[in-house]
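There are 2 protein chains.
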Amino acid sequence: MTASNDEKWINKKISRRDMLKLTGIGAAGVAIGASGLGGVMKAMGYDVFEPVADSTTARNKVDFYGTHQSGIVTPVQTNIYFASLDVLFTSKKELQELFKQWTPLVVRLMNGELMVDLTTNTRVPTGDTGEAEGLNASNLSITIGVGPSLFEKLGIQHLKPAELKDLPHFPKDQLQKEYTGGDICIQACADDPQVAFHAVRNLVRAASGKVEIKWSQAGFNSFPTGGGTPRNLFAFKDGTGNPTAEKDLNKVVWVDKGWLKGGSYLVARKVQMHLETWDRTSLKDQEATFGRYRDSGAPFGKKKEFDDFDVEAKDSNGEYIMPDTSHVHLARKSGARILRRSYSYASGVMTNTGAHDAGLMFISFQKDPAQFTTVQNSLGRMDKMNEYITHRGSAVFACFPGVQKGSYLGEALFNAL
Amino acid sequence: MTASNDEKWINKKISRRDMLKLTGIGAAGVAIGASGLGGVMKAMGYDVFEPVADSTTARNKVDFYGTHQSGIVTPVQTNIYFASLDVLFTSKKELQELFKQWTPLVVRLMNGELMVDLTTNTRVPTGDTGEAEGLNASNLSITIGVGPSLFEKLGIQHLKPAELKDLPHFPKDQLQKEYTGGDICIQACADDPQVAFHAVRNLVRAASGKVEIKWSQAGFNSFPTGGGTPRNLFAFKDGTGNPTAEKDLNKVVWVDKGWLKGGSYLVARKVQMHLETWDRTSLKDQEATFGRYRDSGAPFGKKKEFDDFDVEAKDSNGEYIMPDTSHVHLARKSGARILRRSYSYASGVMTNTGAHDAGLMFISFQKDPAQFTTVQNSLGRMDKMNEYITHRGSAVFACFPGVQKGSYLGEALFNAL
Ligand code: HEM
Ligand code: HEM
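Just so you know, the protein sequences line up as chains Z and W, in that order.
Residue numbers for the first sequence follow full-length UniProt numbering, beginning at 1 and rising by one.
Residue numbers for the second sequence follow full-length UniProt numbering, beginning at 1 and rising by one.
Pasting the structure below:
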């Protein structure tokens with residue numbers, strides 16, 4: 001959106017469903033009534049800041065305002081569009097303006113509303129790219145975080161939490177720079193792929209000239225018809241061992257100090273899964289790879305998915321019931337806990353081999369990225385699953401705490417400046 | 001699936017939902033009763049051929065048997081996984097075996113069943129990769145076709161219909177060989193991305209050593225909450241002008257002669273859409289690009305999406321109401337008709353520019369690929385839309401007629417041999 005157009009936007013709150021009813025007239029560019037230019041114009045990047053409210057009537061809506069950002073402990077959706085951005089500016093003032101600009105837009109998107117409203121002028125680019133028109137909020141969650149490189153670029157290293165640094169190199173990593181790093185992340189998750197993509201596309205567009213996409217990745221989760229944990233592309237239920245109790249989340253996920261208090265660290269790993277190799281493996285070996293049964297998801301020696309297990313338990317021969325080379329054994333024994341919120345991807349084939357270019361857009365949240373590193377180091381040594389996967393991308397971001405009405409994304413950071 | 005495992009499969013018809021109920025015991029590899037080894041074993045590639053029936057109870061099921069293959073005029077789904085395969089064999093007998101092997105597997109997949117059934121032996125690779133367990137049939141349609149290169153490879157050029165040849169080079173084409181051509185296509189569409197992917201993965205796996213994926217592409221369509229035509233990533237309703245009446249489909253889509261009678265030609269074009277450029281264009285210019293209004297989808301000068309229009313109509317100044325450089329004007333004026341059944345894709349960003357690697361997996365069906373060529377040539381000359389798109393991939397396939405119970409995919413071709 002160019003500056004010359006900003007003055008043309010007309011601020012009118014209108015849901016996508018309402019829009020639909022109006023398409024007959026709206027289409028021809030007929031004015032359908034405007035209710036003030038204030039909020040959104042200011043939101044376009046000016047200092048005066050006017051919040052937009054969570055909708056109370058939108059269908060399938062996740063709330064924006066709260067103690068924590070959405071998309072972390074809120075229910076997992078069917079689709080993700082994850083984008084890692086680089087900033088094109090160098091001043092912290094521009095960063096602050098960006099987040100002030102984005103905040104009301106994020107609220108609108110999560111309300112299932114248009115980015116900005118109908119314009120009577122069809123001679124300028126539209127305020128919203130429009131492809132989500134007619135779709136509802138689709139439980140869109142948007143989670144914004146900042147990467148270690150941002151602090152260097154803006155010369156505000158003193159505010160970079162000690163925990164926020166690039167992950168160490170892990171022995172089997174084969175990271176490609178096209179999927180690694182980034183100054184800012186937008187994690188858009190929704191129960192519709194077009195709604196998730198639309199959110200990223202429009203936030204980036206609204207910040208045109210200020211940010212560019214470094215890399216992005218779409219992903220999906222397919223929920224069983226009867227409910228329950230979705231399966232990843234190895235056909236195993238993925239997410240079972242996650243913490244859920246409030247007190248565990250406080251211990252595992254939420255940062256409790258500094259300007260990031262109430263926020264969380266997001267670790268993103270693009271992990272290719274070698275499906276052809278996996279598919280040549282017997283069910284027995286597949287199950288031994290995880291230490292869980294494929295169909296039920298139960299840990300070895302147990303009957304049900306959520307049955308408790310003792311990783312140290314041995315059978316009468318003195319063998320570990322859950323093999324000590326299994327993914328779950330090693331992850332659990334690391335002692336560190338994380339909250340995983342991953343999505344599968346299937347992006348065609350590797351041009352050189354014809355093998356599936358498919359895998360897991362692994363995402364975890366933790367109060368310190370060191371938790372991830374501890375688990376990954378524990379896996380790294382002998383995880384049987386290593387034979388079947390290759391880590392291709394990596395990034396870490398400090399995701400802001402939740403936003404209170406009247407505040408904006410990352411305000412605590414700017415207050416600390 | 002290796003030959004040594006075939007004898008271990010146990011044929012028991014069981015829906016994915018039934019499977020779920022059994023997970024507690026099935027998981028540990030306990031036998032749960034078998035009802036004969038016949039059907040599926042034979043389906044694994046042996047000459048004795050035993051058909052599998054369409055399920056009458058499966059949820060969200062598209063029928064396999066019929067005059068035409070599914071996925072052509074059956075309702076469009078939310079997801080596609082399109083795969084173009086190359087064959088690794090050179091004899092027509094092996095091709096015939098492949099289609100005999102696939103036929104009952106396709107029926108099972110479309111029934112929402114496992115590829116092959118539970119085995120008591122967990123020491124061999126599983127008969128089904130398992131990630132669709134717990135998901136229902138999800139309106140899966142599978143459409144199989146053969147490309148021109150296949151006939152050369154197998155030395156059966158005399159059976160290649162004259163219509164089946166690589167598309168001509170169009171002036172603005174920037175085709176990449178990674179997305180072009182192929183001996184066989186599998187078009188898997190479903191209302192769940194994992195179900196669509198699972199179908200392709202398992203059919204390719206069942207034919208391991210016989211075929212390999214040359215290229216593949218995932219895509220999506222997002223249907224408005226209130227129903228109606230989905231929007232593409234240019235935010236315009238896509239599919240409006242399609243033929244729907246039975247008599248039009250007979251004229252436009254279905255081949256009426258030779259061994260392909262009842263079949264149709266599939267043209268696949270991977271078309272990148274330059275969203276950033278599009279998004280800088282005014283609504284007025286966007287609408288003039290198509291000759292339709294964005295919000296309503298109505299043709300210029302009309303009110304409703306499906307209103308009829310006369311492409312030659314002029315206003316009082318003698319100007320075309322629907323601009324003669326517009327996509328719809330040119331497509332319509334070409335005189336040729338096609339049935340479009342496209343899906344959007346958003347596969348990250350172009351590594352060199354950071355621009356969206358997004359667009360349309362354009363798919364059309366016609367009784368002769370020349371219909372496509374006629375439309376494309378008409379567009380090619382002056383379609384305003386050309387500024388916003390680049391064709392990156394191309395392929396053409398002759399999709400077999402529908403299969404009658406007791407027959408198999410492509411039987412008419414083999415009878416003609
Ligand atoms: C493609 C890559 C991966 C796949 C397919 C995968 C799959 C799984 C599966 C099937 C489970 C068991 C069910 C569950 O608890 O969710 C699991 C558990 C787990 N995974 Fe992974 N995983 C992957 C990568 C990772 C990575 C990179 C980490 C962290 C470094 C990780 C950490 C964990 C943890 C902490 C658990 C729970 C263990 C417990 O029960 O305490 N996973 N994973
Ligand atoms: C990214 C590429 C493309 C986009 C975004 C696109 C979009 C559209 C849109 C929005 C319409 C109007 C609504 C409708 O009738 O569906 C349309 C109509 C049409 N398009 Fe395309 N299109 C693309 C490529 C093509 C190609 C490659 C062809 C064939 C060579 C084609 C043939 C047609 C035809 C035949 C119509 C209907 C015209 C009529 O009403 O008679 N399109 N397209």
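C-beta atoms are modelled at their ideal positions from N, C-alpha and C, and glycine is treated no differently.
Check                                                                                                                                                                                      : Outcome
For the segment 121-145 of chain W, list every residue whose C-beta sits within 7 Å of some C-beta in chain Z, in sequence order.                                                          : Thr-122, Arg-123, Val-124, Pro-125, Thr-126, Thr-129, Gly-130, Glu-131, Glu-133, Gly-134, Leu-135 and Asn-136
Which residues share a DSSP beta bridge with Val-146/W?                                                                                                                                    : Ile-184/W and Ala-398/W
Give the DSSP-derived three-state secondary structure of Gly-380/Z in the structure shown.                                                                                                 : helix
Using only the alpha-carbon positions, how far apart do Ser-91/Z and Asn-415/Z sit?                                                                                                        : 15 Å
Say whether chain W places a C-beta atom closer than 7 Å to the C-beta of Arg-280/Z.                                                                                                       : yes
Would you give the residue range spanned by the beta strand (DSSP E) that Met-270/Z belongs to?                                                                                            : The question names Met, but residue 270/Z in the sequence shown is Lys. Its beta strand (DSSP E) spans residues 264-273.
Indicate the three-state DSSP secondary structure (helix, strand or coil) for Pro-171/W in the structure shown.                                                                            : coil
Where does Ala-199/Z fall in DSSP's three states?                                                                                                                                          : helix
Please work out which residues of its chain come closer than 6 Å, Cβ to Cβ, to Thr-277/W, disregarding the five sequence neighbours upstream and downstream, and give them in chain order. : Tyr-388
In chain order, what residues of the same chain lie with their CB nearer than 6 Å to the CB of Gly-24/W, ignoring the 5 residues before and after it?                                      : Because the pLDDT at Gly-24/W is just 28, under 50, the model does not fix this residue reliably, and the value given afterwards should be weighed accordingly. If we look at Gly-24/W and ignore the five residues flanking it on each side, it has no Cβ neighbours.
Just to make sure I have the definition right: I need the residues of chain Z whose C-beta is within less than 9 Å of the C-beta of Glu-178/W. Which are they?                             : Gly-348, Val-349 and Thr-351
According to DSSP, simplified to helix, strand and coil, what is Asp-324/W?                                                                                                                : coil
In chain Z, what lies closer than 9 Å to Tyr-81/W by C-beta?                                                                                                                               : Ala-346
Taking 7 Å as the CB-CB limit, is Arg-392/Z close to chain W?                                                                                                                              : no
Under 8 Å Cβ to Cβ from Ile-355/W, same chain only, skipping five residues before and after it: list those, please.                                                                        : First, the residue type needs correcting, since residue 355/W is Ala and not Ile in the sequence shown. The residues are His-274, Leu-275, Glu-276 and Val-349.
How about Phe-397/Z: is its C-beta nearer than 7 Å to some C-beta of chain W?                                                                                                              : no
Go ahead and pull the three-state DSSP assignment for Val-211/Z.                                                                                                                           : strand
Any beta carbon of chain W sitting closer than 7 Å to that of Phe-309/Z?                                                                                                                   : no
Mind checking whether Gly-219/Z and Tyr-345/Z have CB atoms under 7 Å apart?                                                                                                               : yes
Give the straight-line distance between the Cα atoms of Arg-337/Z and Leu-95/W, rounded to the nearest whole angstrom.                                                                     : 51 Å
Does Phe-220/W have its Cβ less than 7 Å from a Cβ in chain Z?                                                                                                                             : yes
Might you give, ordered along the chain, the residues of its own chain that have their beta carbon closer than 6 Å to the beta carbon of Thr-374/W, omitting 5 neighbours on each side?    : Ser-334 and Ala-336
Would Val-40/Z count as contacting chain W if we go by Cβ distances under 7 Å?                                                                                                             : With a pLDDT of 38 at Val-40/Z, under the threshold of 50, the modelled position of this residue cannot be trusted; read the value that follows with caution. Cβ-Cβ to chain W under 7 Å: no for Val-40/Z.
Does ligand 1 have even one heavy atom less than 6 Å from the beta-carbon of residue 418/Z?                                                                                                : One cannot answer for residue 418/Z here, as it falls past the ends of chain Z, which runs 1 to 417.
Relative to the C-alpha of Lys-214/W, which residue among Asn-202/W, Gly-134/W and Leu-88/W is closest?                                                                                    : Leu-88/W
Given this structure, state the Cα-to-Cα distance separating Asn-352/W from Glu-212/Z, to the nearest angstrom.                                                                            : 12 Å
Could you give the residue range of the alpha helix (DSSP H) that holds Asp-238/W?                                                                                                         : Unbroken run through Asp-238/W: none, as it is neither H nor E.
Would Ile-144/Z and Phe-365/Z qualify as a contact pair, given that the criterion is a beta-carbon distance under 7 Å?                                                                     : no
Taking only beta-carbon atoms, is Phe-290/W less than 7 Å away from chain Z?                                                                                                               : no
What I want to know is whether the C-beta of Gly-348/Z ends up closer than 6 Å to one or more non-hydrogen atoms of ligand 2.                                                              : no
As a quick exercise: from Tyr-293/Z, Leu-417/Z and Asp-192/Z, pick the residue whose alpha carbon is nearest that of Phe-234/Z.                                                            : Tyr-293/Z
Given a threshold of 16 other Cβ atoms within 10 Å of its Cβ, counted over all protein chains shown, does Glu-152/W qualify as buried or as exposed?                                       : exposed
The alpha helix (DSSP H) with Asp-368/Z in it runs from where to where?                                                                                                                    : That residue, Asp-368/Z, is in no alpha helix (DSSP H); it is neither H nor E in DSSP.
So, helix, strand or coil for Gln-157/Z, using DSSP?                                                                                                                                       : helix
Is it true that the CB of Trp-254/Z sits closer than 7 Å to the CB of Ala-412/Z?                                                                                                           : no
Quick one, which of Thr-74/Z, Glu-305/Z, Arg-381/Z and Ala-188/Z has its alpha-carbon nearest Asp-238/Z's?                                                                                 : Glu-305/Z
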